Structure formats: structure tokens, C-alpha cells
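**Student:** Quick one: structure below, then a few questions.
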Amino acid sequence: MDRSIRRPGGVARRWGGLRVLALLAGAGLGLLAPGAGDAEAQTRQRSRLVEATIGDLQAALQAGRTSSKAVVQGYLDRIAAYDRRGPRLGSFLAVNPQALALAHIRDLERASGLAHGPLFGLPVLLKDNIDTVDLPTTAGSLALRVSVPPDDAFLVTKLRNAGAIVLGKASLTEFANALSNNMPAGYSSLGGFGFNPYDPRPNPAGDGRPVLTPGGSSSGSGIAVAASLVTVAVGTETSGSILSPGHQNGVVGIKPTVGLVSRDGVIPITADMDTPGPLARTVTDAAILLGVLAGHDPADPATAACLVPGNCHDDYTVFLDRQALVGARIGVPQNPYWFFGNLSSAERDLLLAAIDVLRAEGAVVLLPYEIPNQAALTDRRICDSYPPAAGCSTVMLYGFRRDLDAYLAGLGPFAPIQSMADVIAFNEAHPLEALRYGQGFLRAAGQMDLAPSSADTARYVADRALDVALFRGALGQAYAGPDTVPGTDDDLDALLFPSFVGSYAPAVAGYPSLVVPIGFRPPSGNVVNPRPVGMAFSGPAFSEPRLIALAYAYEQATRHRRPPQSTPELLAR
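Counted from 1, the sequence shown has number 363 at position 362 by the numbering used here; the numbering is strictly sequential.
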């Protein structure tokens, strides 16, 4: 997470793709100007992009029915029609101006037999807290609106090496929802509100926020995937920030084990819990993207776990198993706060119907299934003020100050913002634009004393040790089954919870979760359309293969995913 650690030759390597682009343009290939190739593309039937999977698009590319340039152009047309106009979804903070030119390079490479891997020539959207050397990385903050990092995040390098095209940067809840507890999901001072495509209207009686939340903090990633504005997207999660937009937008989201995917070059909340992960319309596409993202990065010590055989994989599609639910053991806790708390009767009915499907597909579902020491886990909350109250955990406050300062310092001496204190000062100097919902959490984090001998450091060390012991201990016993003895016949494959309400426990433990659609609840209140609902499987560290298998089997048995009516297929030109 420490951005002061640089990989040797990093900047030169990251600029390589743009240098190739410049050389090709200089060679007279006309990448940025109309030519014969463009005329030919205009006579070609536009590729269908609504709900198009990675497999669909790769089959069309390999058969010559389309090109990467045509696919990118199709997405750009949809962004112009639906993100910038039409319902104005607000899922993109920035579109990559080089996307078409990079797509043309991929087409030339494909024609030369150089295509490789499932993401080759396909667009990917990045949450705008992930560094790209060719676009600003802002976290949705006005303070960082011109902050261009010196190199790509490690995961972006992996995507580019796999031939993927960065289509743009996604909107998000500002600073991944670590600015203020009053911040609406999907809002940032730089981008304003993002809107859920299943009912993309502002609340007529409110402050402009959506009538149907898009979830957060990876809101733009979820919106864009749901509306088929991109093939797949990368979000980040500390607690709930991938699972929430997955649930709210009816898409698949994987929050990986901490250490499966590098955080180098990602604007942090805390290295103790942060992780990037995929958002996609199908479990298969999410598994493909996860395989590209996963792996060891020397700049992120947590990924040393990927050096252990069996922990990390470069192809998660081998775990897709239509029969995975046969004999699977799944526990469904009913803790009022985590799992069944705040559920509407419609959401409860959908979850119970999903459990019926799991059982019909051969799973053993334990309902209710209580997690050992569950009450203590429920009572363990996040400190959000300074000085921190007794009994809460300071891990996020302390980690945010420590890791954001390290990230900003790594941007170099000429960066406009170089510390958390600089962000706070900028916001206070621009209160009308930057502090619509305050910055209470940021200010509290900014007061944490990072000195090794400070009381705050001692409190953080104790809180982190307690969190790990409490949450990993309880979840470990839960996964060990009713006898709480691991390695016996009653062990669980996963815990199951509705939407994202149980995300905090596995997030603190650093364990993976996967959200998958389970249907739509009827319109209610100000929401006039059916709204998506999801459920999440969670398992022990590095159990992504099993979670993917279970979610895939459920997805194939139900096929609940359907596109929003607000963003239909565009007519062919």
C-alpha cells in the first residue's frame, strides 16, 4: 500500500502503450482521424452490447463479425446516450480519450496473431480510486481533480498486459465513503450523484439524491455494468463497497480475500481491510476478471499469500460447476442486525425463495445457523469520531490516516495534494463545493496520532488484534459447522446473508464474499420500478473457487439477471 515503494522502471513501462500508439499514428495509420477503416466500420452491423458477455464479444471478435474498435465505439455511444444524456446515470467520471486508438492497436495485434486471453481487446472500467498514468485518479474529490499518478496501479498493469482497454474511470462515493457518515451512496463533490438504472430519477422531495440508491462506494462500477456501458468493471471494498452496488444494481460482485489482489496504486482506507475486486453481469465474467487481477505483487506485502500454492489462481473459470450445490453445506445466520435486520417482507421472501432453490439443487441449508459469539461481533462498531469512544474499533480511522498519507506522499513533491491534512484544508477552503455533506470522518482520522509511542497507536494495535481474534475466531468456528471442529463432515462451504448486510464480519476478517442476483422486489414508496435484490456467499480465506462454484450453480438454476429498461439497445447506425 505504500506508494513510496516503486517498481524498477515503472514509469517507463507504464507509458509503453502510449508510446506504441504514438509510433503507430506517426507511421500513417491514422488512428485518430477518419479513414477507410472507419468507413468500413460504419457499414458493419453494430454489435449487440446489452448483456453481452466476455464470451459473446470474444466469439464475435474471433469470427471477424466485429472489431475491438467497433465494440469500444458502441460503448462510447451508449455512454453518450445514457450516462451523459437520457437518464444521466453519472457512472463515468472520465472517459479515456485514447480508448478508440488503443482498441485499434488491439485489432492490429489480433490480425497479426498476437491476441491472447479472454480480456484481449475488451473494455474495462476502473473505480476512480485506482491509479492510471494517463488519467487523473481523484477518489471523487475536488481536491484531487488534477492528480495524475506517476504510474499505473499494479492491477492496471495486469489488465493492460492482458490486452484489456481502460475505457474510463467510474464514479464513487467520495473517498470510498470515508469522507463523512452523512454522504449518500454514489455521491462525490467531483461527480455529483450516480443513479441506479432500474429507476434513474432524483427524489423529487430531496436534495437531488436518487430515488433508488445505486449502492456504494463502488457505485459507478455497478451502475455501468448493470446498464451495459462497459463489459466488466473493477471496484474496491473495505466493508460492503462491492457487495452493496452488486446487490442494488442486480450484478455479480466479488470481494476477494485481502491479499488476493494487489492494492498498490489504490487510494486506501486501510490496508487491514481494503481490496479491489470484479463487478460483472455474470459469475463467469466475474471469474474471468478475477483471474486477471489476482497474483503476487512485491509492492503489496499482503499478496505474499499468493506465493502459497493453491491460494491464488490465474483462471477461476475452471471452478465453474453447474452441480456445485449438490451436497454443499450452507449456514444462514439470523442475527437481527447482520443478516435479517432491516429486511422488507419482499426481500425476506426473495431470500427464502433463493434458499428453496439451493435446497432443490441439492444443498444442505442450515436455517437458522448461529455464529459463535455473534452478539459480541454485532456490538463491535467502527469508531467515527475523535477522541474515539470506548469499545469501538479505531482500525479504519487510524488506517485511513496512515495509508492515505502514504499514498499521497508517493505521488511526488510536485503533486497538488500531498497529505490528508492538505485534503482537509482544501475542502475547508471550498465549503460550498466540497463540503455539502461535511467531512466528519476525514477530520476524525486526521487527528489520529501516528507516532509509534502515541496512545492512538497503542489503541490501534490493540483494536486490530481484538478484531482479528474476535472475527476470525467466530467465523472460523462457524465454518467448522455445528460441532465447531474443522475438518469434520459437518463443516460449512459458506455462510449466506441477504444483500450486503453481513459484509462487515468477513471484511474485518479479510475473508471473501460474492454477491449474486436473486430477483426483484416490487415497487414501493417513491420507487416505481421493480428493484434488484442480491444475496452473498462468504467463506474462509482464499475460498473464492468454492464461492464462485456455488454462485454459478445458483445463477444457472435461476437466471434472475435482467437488464434495466432505461438503457435499451441502441439502433444500428
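Backbone N, C-alpha and C define an ideal beta-carbon position, used for all residues, glycine too. All values derive from a computational prediction rather than experimental measurement.
Exposed or buried, what is R79 when buried is set at 16 or more other beta-carbons lying within 10 Å of its beta-carbon?
**Tutor:** R79 comes out buried.
**Student:** To the nearest angstrom, report how far apart T158 and I131 are at their CA atoms.
**Tutor:** So the alpha carbons of these two residues sit roughly 11 angstroms apart.
**Student:** Per DSSP, which residues does K128 bridge with? Please list them.
**Tutor:** For K128, which the question treats as bridged, DSSP gives the partners A171.
**Student:** What are the boundary residues of the alpha helix (DSSP H) that G520 is part of?
**Tutor:** First-last for G520: S514 to R522, but that is the beta strand (DSSP E), not the alpha helix (DSSP H).
**Student:** In the DSSP assignment, the beta strand (DSSP E) including T237 goes from what residue to what residue?
**Tutor:** Per DSSP, T237 belongs to the beta strand (DSSP E) from V233 to E238.
**Student:** Are the beta-carbon atoms belonging to V252 and R473 less than 9 angstroms from one another?
**Tutor:** In this structure, R473 does not lie closer than 9 angstroms to V252 by Cβ.
**Student:** Which residue's Cα is closest to the Cα of L101: P302, S69, G87 and A95?
**Tutor:** Answer by Cα proximity: S69.
**Student:** Taking DSSP as the reference, what is the three-state secondary structure of R202?
**Tutor:** Correct three-state label for R202: coil.
**Student:** If I measure Cβ to Cβ from V212 and keep anything under 7 angstroms in the same chain, skipping five residues before and after, which residues do I get?
**Tutor:** Counting only Cβ-Cβ distances below 7 angstroms, and skipping sequence neighbours, we find D200, R202, P203, N204, N527 and V528.
**Student:** In whole angstroms, what separates the C-alpha of L451 from that of D457?
**Tutor:** Between L451 and D457, the C-alpha separation is close to 7 angstroms.
**Student:** For K256, list the residues DSSP reports as bridge partners.
**Tutor:** DSSP output for K256 lists S514 as bridge partner(s).
**Student:** Which of the three DSSP states, helix, strand or coil, is assigned to F427?
**Tutor:** Helix.
**Student:** Helix, strand or coil for Y317? Go by DSSP, reduced to three states.
**Tutor:** In this structure, Y317 counts as coil in the three-state DSSP scheme.
**Student:** Taking Cβ to Cβ, would you say F121 is nearer than 9 angstroms to A163?
**Tutor:** Cβ distance < 9 angstroms, so F121 and A163 count as in contact.
**Student:** Just the C-alpha distance for V231 and A295, rounded to the nearest angstrom, thanks.
**Tutor:** Going from the Cα of V231 to the Cα of A295 covers about 21 angstroms.
**Student:** Does the stretch 170-185 come into contact with the stretch 208-225, if we say contact requires no fewer than three beta-carbon pairs (one atom in each stretch) closer than 8 angstroms?
**Tutor:** With the cut-off at 8 angstroms, the stretch 170-185 and the stretch 208-225 touch.
**Student:** Assuming D265 and A390 make a contact with CB atoms under 8 angstroms, what is their CB distance in whole Å?
**Tutor:** So it is not a contact: roughly 33 angstroms between Cβ atoms.
**Student:** Would you check if the stretch 532-539 and the stretch 490-499 touch, i.e. whether three or more CB-CB distances between them fall below 8 angstroms?
**Tutor:** The answer is yes - the stretch 532-539 touches the stretch 490-499, with three or more Cβ pairs under 8 angstroms.
**Student:** Rounded to a whole number of angstroms, what is the C-alpha to C-alpha distance between A71 and S242?
**Tutor:** When rounded, the distance between both Cα atoms is 32 angstroms.
**Student:** Would you decide whether N343 is buried or exposed? Buried here means 16 or more other CB atoms lie within 10 Å of its CB.
**Tutor:** Looking at its Cβ environment, which holds fewer than 16 other Cβ atoms inside 10 Å, N343 is exposed.
**Student:** Just to confirm before moving on: does the CB-CB distance between P198 and Y83 stay below 9 angstroms?
**Tutor:** A contact, by the Cβ cut-off of 9 angstroms.
**Student:** Is the beta carbon of G216 within less than 8 angstroms of some heavy atom of the ligand MN?
**Tutor:** Absence of the ligand MN from the depicted structure is noted, as is the absence of any ligand whatsoever, leaving it without description.
**Student:** What does the alpha-carbon distance come out to for the pair L261 and A234?
**Tutor:** Taking the straight line from one Cα to the other gives about 17 angstroms.
**Student:** Quick check on S420: does DSSP put it in helix, strand or coil?
**Tutor:** In the structure shown, S420 sits in coil (DSSP, three-state: anything other than H, G, I, E or B).
**Student:** Does the stretch 345-364 come within contact of the stretch 397-415, defined as at least 3 CB pairs closer than 8 angstroms?
**Tutor:** Taking 8 angstroms as the limit for Cβ pairs, the verdict is that the stretch 397-415 does not touch the stretch 345-364.
**Student:** Among residues of its own chain, excluding the 5 on either side of G328, which ones have a beta-carbon nearer than 8 angstroms to its beta-carbon?
**Tutor:** For G328, where only same-chain residues beyond five positions count, the Cβ hits under 8 angstroms are G363, A364 and V365.
**Student:** How long is the line joining the alpha carbons of A34 and R85, rounded to whole angstroms?
**Tutor:** Note that A34 scores 31 on pLDDT, short of 50, meaning its location in the model is unreliable; the coordinates nonetheless yield the value given after this. When rounded, the distance between both Cα atoms is 24 angstroms.
**Student:** Counting only runs that start and end within the stretch 370-419, where is the beta strand (DSSP E) found for 3 or more residues in a row?
**Tutor:** The qualifying runs do not exist here; there are none.
**Student:** Since P1 and V73 are thought to touch, with beta carbons under 8 angstroms apart, how far apart are those beta carbons, to the nearest angstrom?
**Tutor:** There is simply no residue 1 to check, as the chain begins at 2 and stops at 574 in what is shown.
**Student:** If we require 4 or more residues per run, which alpha helix (DSSP H) segments fall completely within the stretch 86-118?
**Tutor:** If we require 4 residues or more, the alpha helix (DSSP H) runs fully inside the stretch 86-118 come out as 100-112.
**Student:** Count the other CB atoms, across all protein chains shown, that sit within 10 Å of the CB of G29; report buried if there are 16 or more and exposed otherwise.
**Tutor:** The predicted model places G29 with a pLDDT of 30, which falls under 50 and marks its position as unreliable; any figure quoted below should be read in that light. Exposed, because fewer than 16 other Cβ atoms sit within 10 Å of the Cβ of G29.
**Student:** Quick one: complete alpha helix (DSSP H) runs, 4+ long, within the stretch 451-484?
**Tutor:** Listed in chain order, the complete alpha helix (DSSP H) runs (minimum 4 residues) inside the stretch 451-484 are 456-468 and 474-480.
**Student:** Quick one: grab the DSSP three-state call for Y438.
**Tutor:** Note: Y438 maps to coil in three-state DSSP.
**Student:** When the Cα atoms are used, what is the spatial distance from D350 to Q566?
**Tutor:** About 24 angstroms.
**Student:** For a minimum of 3 consecutive residues, which ranges assigned as the beta strand (DSSP E) are wholly contained in the stretch 141-188?
**Tutor:** Qualifying beta strand (DSSP E) stretches, in chain order: 166-171.
**Student:** Taking the alpha helix (DSSP H) that R360 falls in, what are its first and last residues?
**Tutor:** Counting along the chain, the alpha helix (DSSP H) containing R360 begins and ends at S346 to A361.
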